[in-house]
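Colleague:
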């Protein structure tokens, strides 16, 4: 678990500025629903405590969390006030909006949100495979993903990426759309590497393009704990 104390201002709207002292992100010891939040912290240059919870400890910790769900973000302001934020999508969009990672126009915003939605569809398919109740069901779902449902969704994602006239999803800068896409590609590539290599090299190249442009992200990805999901 990494620990860091910083003074960092995050502007959530025109009327409120938070002087952040400590950012503690709580999630399982996996990428999962917290990884894009972690990447957004790194991309924005905000230090945070990556509080990873082992599965065996979750039952005891669950009643002590704000909503009984993960991830959640706990922010301690300069005056000692502590506030908790839950719902991964809301957290990551809040951070991204506060640090200019949601595009510079309505068109860019749309492109970012479209990619996020497409990635969510793919992630949900992968979750269905992980949560299969029997080995036979898991094999069946995996085969369907590689032949039908997953391929269809990955093609849509590839088309969205190639549609951009710039290097990234929405313009020439990395946005939340790129970070979300990278997280989803990591997930699929970890389980269906041949599929990604043979049919979707553009998505793998995009991942490398993002890391090449941002050494902080590359360093984080290289040093993060290895997990299957």
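Residue numbers (my numbering): 679 to 907. Glycine is no exception: its CB is placed at the ideal position from the N, C-alpha and C atoms. These numbers come from a predicted model, not from an experiment.
#1: Compare the Cα-Cα distances from residue 787 to each of 847, 753, 716 and report the closest residue.
#2: For residue 683, count neighbouring Cβ atoms within 10 angstroms of its own Cβ and tell me buried if that reaches 16, exposed if not.
#3: In the structure shown, what three-state DSSP assignment does residue 712 receive?
#4: Would you check if the distance between the CB atom of residue 832 and the CB atom of residue 866 is smaller than 9 Å?
#5: When the Cα of residue 727 is compared with those of 749, 740, 742, which residue comes out closest?
#6: State the beta-bridge partners of residue 762 as determined by DSSP.
#7: Quick one: what's got a C-beta closer than 7 Å to residue 895's C-beta in the same chain, skipping five residues either side?
#8: According to the Cβ coordinates, are residue 882 and residue 835 closer than 9 Å?
#9: Grab me the residues of residue 907's own chain with a C-beta within less than 8 Å of its C-beta, minus the 5 sequence neighbours each way, in chain order.
Modeller: Quick answer:
#1: 847
#2: In this prediction, residue 683 scores a pLDDT of 27, lower than 50, which makes its location untrustworthy; the coordinate-derived value is nonetheless stated afterwards. If you draw a 10 Å sphere on the C-beta of residue 683, you find fewer than 16 other C-beta atoms in it, and that means exposed.
#3: helix
#4: Yes. Within cutoff.
#5: 749
#6: 752
#7: Within the same chain, residue 895 has close Cβ partners 717, 720, 721, 888, 889.
#8: No, the Cβ-Cβ distance between residue 882 and residue 835 is not below 9 Å.
#9: 708, 709, 710, 804, 808, 865, 868
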